[in-house]
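Data first, discussion second: the structure below is written as structure tokens.
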Amino acid sequence: MDLQKRIGKWEKTHRIASFIFLFLLTVFISRLIVAISDPNIFIKNFEIHHFYAGVILLIIASLLMLYKKIKFGLALPLSAISIGLIIDEILFVSGKIRGPVTYESTLLPTIIPVILVLLLIELIFYLSSKK
632 MDLQKRIGKW
642 EKTHRIASFI
652 FLFLLTVFIS
662 RLIVAISDPN
672 IFIKNFEIHH
682 FYAGVILLII
692 ASLLMLYKKI
702 KFGLALPLSA
712 ISIGLIIDEI
722 LFVSGKIRGP
732 VTYESTLLPT
742 IIPVILVLLL
752 IELIFYLSSK
762 K
């Protein structure tokens with residue numbers, strides 16, 4: 632394997648590792664903040680969850696990457712943080728639909744989508760490294 636391919640593989644591996652780290656850190660920090668206090672904002676009796684902040688961040692990161700106004704180094708943390716916020720909120724909101732739940736009761740079920748996202752990232756990395 633020549634030097635250029637080895638450097639490219641090293642860089643891709645470290646990008647994936649930093650994405651996973653930021654994703655897991657975001658889920659952990661958002662769980663911690665919500666367990667301590669309720670940071671959701673209310674506007675005219677409409678509760679704005681951190682899911683919406685994640686969606687907005689993901690849209691911004693995607694648009695900036697689309698128009699090449701952002702370097703990949705900034706897009707990676709924006710995407711990882713936004714996906715972490717979205718995944719963290721999904722099960723909590725879906726649990727509320729089925730009945731009243733506490734935020735702490737959704738901690739264990741949140742591990743499942745986190746693991747699925749991590750497996751998906753690893754699968755994509757594996758398939759892209761075979762090419």
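Residue numbering for the sequence shown follows my numbering, starting at 632 and increasing by one per position. Every residue gets a Cβ at the ideal spot worked out from N, C-alpha and C, and that includes glycine. Owing to the predicted nature of the structure, the values given are computational and were not obtained by experimental measurement.
- Sorting Arg662, Lys699, Leu707 and Ser693 by C-alpha distance to the C-alpha of histidine 681 places Arg662 at the top.
- Inside the stretch 665-708, DSSP marks whole beta strand (DSSP E) runs of 3 or more residues at positions 672-674 and 677-679, from first to last along the chain.
- When Phe654, His645 and Thr644 are compared, the shortest CA-CA separation from proline 708 is found for Phe654.
- In the three-state DSSP reduction, aspartate 719 falls in the helix class (H, G or I).
- The Cβ-Cβ distance between leucine 751 and serine 713 does not fall below 8 Å.
- The beta carbons of isoleucine 672 and isoleucine 679 sit closer together than 8 Å.
- A straight-line Cα-Cα distance of about 32 Å links valine 748 and isoleucine 674.
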